[in-house]
Structures are given as C-alpha cells and as structure tokens.
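Undergrad:
Protein chains: 2
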Amino acid sequence: MSAKTPVTKGASRSAVPKGQAALNEAWRVMHFALRAVIAEPDRILATRGLTRMHHRILFFVAHTPGMSVGELQSTLDVTKQALNAPLRQLQTQGLIELAKADHDARVREIRLTADGVALEAQLTGEQQRLFADAFARAGAQAHEGWRAVMLELARHAGMR
Amino acid sequence: MSAKTPVTKGASRSAVPKGQAALNEAWRVMHFALRAVIAEPDRILATRGLTRMHHRILFFVAHTPGMSVGELQSTLDVTKQALNAPLRQLQTQGLIELAKADHDARVREIRLTADGVALEAQLTGEQQRLFADAFARAGAQAHEGWRAVMLELARHAGMR
DNA sequence: GACATAGGTCAATGTACTTGACATTTATTT
DNA sequence: AAATAAATGTCAAGTACATTGACCTATGTC
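Protein sequences appear in the order of chains A and B. Note that the working numbering gives residue 276 to position 149 of the first sequence, counting from 1, and the numbers run on in steps of one. Note that the working numbering gives residue 133 to position 6 of the second sequence, counting from 1, and the numbers run on in steps of one.
(1) Buried or exposed: where does A:Q268 fall if 16 or more other Cβ atoms within 10 Å of its Cβ makes it buried?
(2) Taking the DSSP output, what are the residues bridged to B:A226?
(3) So who's on the other strand from B:I194, going by DSSP bridges?
(4) Using DSSP with H/G/I as helix, E/B as strand and the rest coil, what is A:T219?
(5) By the criterion of Cβ-Cβ separation under 7 angstroms, what are the contact partners of B:E198 in chain A?
(6) How long is the line joining the alpha carbons of B:L217 and B:N211, rounded to whole angstroms?
(7) When you compare the CB of B:V188 with every CB in chain A, is at least one pair closer than 7 angstroms?
(8) Would you give the residue range spanned by the alpha helix (DSSP H) that A:R175 belongs to?
(9) Assuming A:I171 and A:Q249 form a contact by the criterion Cβ under 8 angstroms, report the distance between their Cβ atoms to the nearest whole angstrom.
(10) Assign B:H230 to buried or exposed, taking buried as 16 or more other Cβ atoms, counted over all protein chains shown, within 10 Å of its Cβ.
(11) Under 7 angstroms, CB to CB, which of the residues in the segment 144-162 of chain A have a partner in chain B?
(12) Can you give the Cα-Cα distance for A:L199 and A:H181, rounded to whole angstroms?
(13) Which residues in chain B sit within 9 angstroms of A:H283, going by Cβ to Cβ distance?
(14) Any C-beta of chain A sitting closer than 7 angstroms to the C-beta of B:P133?
(15) Which of helix, strand or coil does DSSP assign to B:V276?
(16) When you compare the CB of B:A228 with every CB in chain A, is at least one pair closer than 7 angstroms?
(17) Tell me whether A:T206 sits in a helix, a strand or coil according to DSSP, three-state version.
(18) For A:V196, verify whether its CB is less than 6 angstroms away from any heavy atom of the ligand HEM.
(19) Alpha carbon to alpha carbon, how far is A:R238 from A:H190? Give it in angstroms, no decimals.
(20) In three-state terms, what does DSSP make of A:H182?
(21) Determine the direct distance from the alpha carbon of A:L150 to that of B:A259, and round the result to whole angstroms.
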C-alpha cells in the first residue's frame, strides 16, 4: 500500500470484484452490514417492549436535548399520532421527560432521563463498537475510503 | 488479520472526524446512504403499484432463475400467505412466470419474463449507477476501503 | 392405499402506521 | 379583551401488510 494509487484502471491487489460484479456485490454487502448494525439494538429494545421507532426518538433526543415534539415529528417524518404512543411509552418507562419550554409554554421540550441516557448509550454503544471494530480491522485508510464513498451516496439523499 | 498496516500515512486530505465523533457520524451517514440507494427503485415501483416485497422477489429470482416458491419463501423469511399476493400480482403484470418443475410437478419454478428482466435491470441499474458514481468520485482506493469496512461489518451478520 | 410434501386459499388477527376532525392550552394580533 | 393562530393531544376510521391457523388440491413416495 504505497502512497496513493491513482484511480485509473490499475490493478488492485485485494480481491475487489471488477466492474459489474463489484456493483452487484455492493448492495448485498451493504444489506448485511446494515443488518449487523441493527441486530443487537433491536434485541435489546425487544426485551423492553420497545421498537425501532423508540430507538429513533432516543437517538435524536440524545443528540438534540430539549427538542420540541413538533421538531421531532418533522425530523422523523411521521404524524403526531404516530409519535404520540411511543413517546408516552418512553415517558411511562421513565426514559424521557417532557417539560414546558420557558420561552413558550405551548411547546414541550423532550429530554432523556438518566435511565434514557443509559439506554441510548447502550444501544448506540453496541453499534459504535461494531463500527469501531470494523474500522480498526480495516485500517485508517479504509475508514477514510468508506466515509468518502458513503458521503457520496448520502449526498443524493439530502443528508441533514 | 488486516494484512498490511496501511495506517501511518496519517495525512488525511478529507476531514475525517476523530474518535467518538467518527463513530457518531458513521451510523448517520450509513442511514442516509441507504435511503439514497432505496429511493429511486421505490419511486419506480410505486408507479406500477409495486412494493419493496415485489422488488425482493424480482431480485432473488433474477439471481436464481427457476427457484421454487418454497425456496423463495424461506429465502425471504416470510409466510406463504405473505408471498402469495405479490407473487400473483407479478404474474398478472407479466413480470414473472410460474411453471411446473420437470422433476416434480408439485413444485412451481419461478422465472422472470422478458419484461421482468427489464424491470429488475432497471431497478438494480438505478442502484448500481449510484454505487458506480460514488465509487468513481471517491476513487479506487476509497472503493477498496469501503468494501473492507463493509465486509468487516457484514461478518457479524452471517453474510450468505 | 396410506401418508407426506409443495403449494394455494379463506379467515381472523395484529401492528403500525395513515387521514381527518376536534379539544386544549398558550401566544399573538387587532 | 376578543379574535385568531400555533403546538400539542386525542378520538375514530381506514389502509397496508404482515401474522397464525385451518383446510384444500395435486403430486410424489413407501
């Protein structure tokens, strides 16, 4: 692996399938990678009677504490009715808290409780461990390549 | 394990987040990349009143022509009742054909019609174009890195 | 002929949304 | 102070798509 191998049609030394085969493989591989990353969190959530929707809520609230219900709704792109049930369940289980905002008593700000933080960290942690392992095994350069390709793909989906 | 140790070349020309931030970003990026890859096929399918299930059927039958209903069922991990409706719809639309197997008249072998091949190619083609673009833009080396990381992740999901 | 297998179908149920209509509380406007 | 608008919650009905369970046909195997 000396320095930068220019793009062109040069020979790559690892067994990367060529042309059509590479593209054929790409989707399959991504599919399984996705499954791997989702599997553990799903298992953990299931033991508490929670679903991927609950996970999505925890995830976004963890990264944007004090988010309003409306913001969450548009972020997740679901109706308020769809959001309501999981939101209440999370509240009942003591994983999130809803509090009136100072600036506007109509909006309810969502925050994780200590338990919520713990669960979210556990779920996210499982995923991050997988990524960290994969990046470590594949090497820093591969990590960078992975990211470059993913960002190119994500550009088409209007990544927020 | 990871063969050579490509690292050391530390100089990353792109702004790869460090440590925790990198892992935090990984899942998000993968999420959007996935969405990008799925978006176009979904749109095309919708215009014909088809769903992702129909796509999955077309995909597997394209790669294993003559597959039996039972094989497809266990491959997709759904019940025969769940498979029945989409299967008939595909047949009605002239995208697949069901024919009795020579060796056993009970089993029905599924094959794509010319139209089915065309649609499957269109759907798959859209996805492959995205991958090809992303790989081309990111470069051959990034492609290799992407693949290495994905395979590491996929290992955990028992990739077939 | 007895039994198993591949497949199809009917029916009831469940889950996870959706749209639509409306109520509540609080802000903002006039 | 009323009128109106905004953020949220809730009730109800409908849709999409899967499930389980029971039963039927056609065919193959012993």
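Glycine included, each C-beta is placed from N, C-alpha and C at the ideal position.
TA: So, to answer that:
(1) Within the first sequence, numbered from 1, the residue matching residue 268 of chain A stands at position 141. Label assigned to A:Q268: buried.
(2) The residue given as residue 226 of chain B occupies position 99 in the second sequence. Per DSSP, B:E236.
(3) Here residue 194 of chain B is taken as the residue at index 67 of the second sequence, counted from 1. The displayed chain sequence assigns Met, not Ile, to residue 194 of chain B. DSSP, once it has assigned bridges, lists B:I237 as partnering B:M194.
(4) Here residue 219 of chain A is taken as the residue at index 92 of the first sequence, counted from 1. DSSP places A:T219 in helix when its eight states are reduced to three.
(5) Counting from 1 along the second sequence, the entry for residue 198 of chain B is found at position 71. Going along chain A, no residue has its Cβ under 7 angstroms from B:E198, so there is no contact; the nearest lies around 18 angstroms.
(6) On the second sequence, residue 217 of chain B is found 90 positions in, with the first residue counted as 1. On the second sequence, residue 211 of chain B is found 84 positions in, with the first residue counted as 1. Rounded to the nearest angstrom, the two C-alpha atoms are 10 angstroms apart.
(7) Here residue 188 of chain B is taken as the residue at index 61 of the second sequence, counted from 1. False, the Cβ-Cβ gap to chain A never drops below 7 angstroms.
(8) Walking along the first sequence from the start, residue 175 of chain A turns up at place 48. A:R175 -> no alpha helix (DSSP H), and no H or E assigned at all.
(9) On the first sequence, position 44 is the one that residue 171 of chain A refers to. On the first sequence, position 122 is the one that residue 249 of chain A refers to. 7 angstroms between Cβ atoms; contact.
(10) For the purposes of this step, residue 230 of chain B is identified with residue 103 of the second sequence, where counting begins at 1. By the neighbour-count rule (16 or more Cβ atoms within 10 Å), B:H230 is not buried but exposed.
(11) Those residues of the segment 144-162 of chain A that come within reach of chain B (Cβ to Cβ, closer than 7 angstroms) are L150, A153, W154, V156, M157, F159, A160, L161 and R162.
(12) The count along the first sequence starts at 1 and reaches residue 199 of chain A at position 72. The count along the first sequence starts at 1 and reaches residue 181 of chain A at position 54. Cα-Cα distance, rounded: 12 angstroms.
(13) Position 156 of the first sequence, counted from the first residue, corresponds to residue 283 of chain A. Listed by position along chain B, the residues whose Cβ is nearer than 9 angstroms to that of A:H283 are F159, A160, R162, A163, V164, A166, E167, L257, D260 and A261.
(14) The residue given as residue 133 of chain B occupies position 6 in the second sequence. Unreliable placement is indicated for B:P133, whose pLDDT of 43 sits below 50; no coordinate value is reported for it.
(15) For the purposes of this step, residue 276 of chain B is taken as residue 149 along the second sequence, with counting starting at 1. In this structure, B:V276 counts as helix in the three-state DSSP scheme.
(16) As a position in the second sequence, residue 228 of chain B is number 101, starting the count at 1. Taking CB atoms only, B:A228 has no neighbour in chain A less than 7 angstroms away.
(17) Locating residue 206 of chain A in the first sequence gives position 79, counting from the first residue. Correct three-state label for A:T206: coil.
(18) This structure lacks the ligand HEM; in fact it carries no ligand of any kind.
(19) Within the first sequence, the letter at position 63 stands for residue 190 of chain A. Within the first sequence, the letter at position 111 stands for residue 238 of chain A. Roughly 10 angstroms between the two C-alpha positions.
(20) On the first sequence, residue 182 of chain A is found 55 positions in, with the first residue counted as 1. Helix.
(21) To locate residue 259 of chain B, count along the second sequence from 1; it is residue 132. To locate residue 150 of chain A, count along the first sequence from 1; it is residue 23. Between the alpha carbons of B:A259 and A:L150 lies a gap of roughly 7 angstroms.
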